[in-house]
Amino acid sequence: MTKTLKVFISQPMKGLQREDILKTRDHEFIRFCKTYYKDAALKAENGEQVEDIELELLDSFNDTICDNPNVVHDRVFYLGRSVMKLAEADILYITQDALQQNSPGCSCELTIALTYGYPVYTIANDDELVDMNVKLKH
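Residues in the sequence shown are numbered consecutively from 1168, following our numbering.
Structure, rendered in structure tokens:
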């Protein structure tokens, strides 16, 4: 039986247009799927037990305008919305751009995911899947 896992993509958004964010998100999801399935196939070839997994992109983009007069820091408002979507995810995939730019929102998402035991991945420049739980020893 196929198991569906929802993937939350953590990516920088500051200063980017909606179209650019969504285009990058789609590209990164395709890249993650290819790398994830390639890694699973290699594990299966080496005799490891591999579950039948279907990956689904969690739509975490939020273009709600913060019009609450009590909100002092709108970036924290948007991060809160993002964390609410993260609660629906099975996997966090953090882009290399997020790691290289040390994006504050992405860093928070990464910390939350690691703290609460999510499988967290990134893709190295050589297109290798990196398990951030192992790399950061969580």
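In this text, a Cβ means the ideal position worked out from N, Cα and C, and glycines have one as well.
Three or more C-beta pairs below 8 Å linking the segment 1195–1202 and the segment 1265–1276: Counting C-beta pairs closer than 8 Å gives fewer than three between the segment 1195–1202 and the segment 1265–1276, which falls short of the contact rule.
N1237 versus M1251: straight-line alpha-carbon distance, rounded: So the alpha carbons of these two residues sit roughly 20 Å apart.
Outcome for E1276 when other beta-carbon atoms lying within 10 angstroms are tallied against a minimum of 16: Buried: at least 16 other Cβ atoms inside 10 Å.
Contact the segment 1253–1261 vs the segment 1284–1292: 3+ CB pairs below 8 Å: These segments touch.
Per DSSP, cross-strand counterpart(s) of Y1204: Beta-bridge pairing links Y1204 to no other residue.
Nearest residue (CA-CA) to E1223, options K1173, M1168 and D1241: Comparing alpha carbon positions, the residue from K1173, M1168 and D1241 closest to E1223 is K1173.
Three-state secondary structure (DSSP) of K1170: Of the three classes helix, strand and coil, the one that applies to K1170 here is strand, per DSSP.
CB of K1170 within 7 Å of CB of E1212, strictly: Not a contact, by the Cβ cut-off of 7 Å.
Per DSSP, the bridge partner or partners of T1289: As computed with DSSP, T1289 is found in a beta bridge with V1297.
Contact under 7 Å by Cβ, F1175 with L1281: With contacts defined as CB atoms closer than 7 Å, F1175 and L1281 fail to qualify as a contacting pair.
L1246 beta carbon less than 7 Å from that of G1272: A distance below 7 Å separates the beta carbons of G1272 and L1246.
Extent of the continuous beta strand (DSSP E) to which Y1260 belongs: It spans I1258 to I1261 - the beta strand (DSSP E) in which Y1260 sits, taken as one unbroken run.
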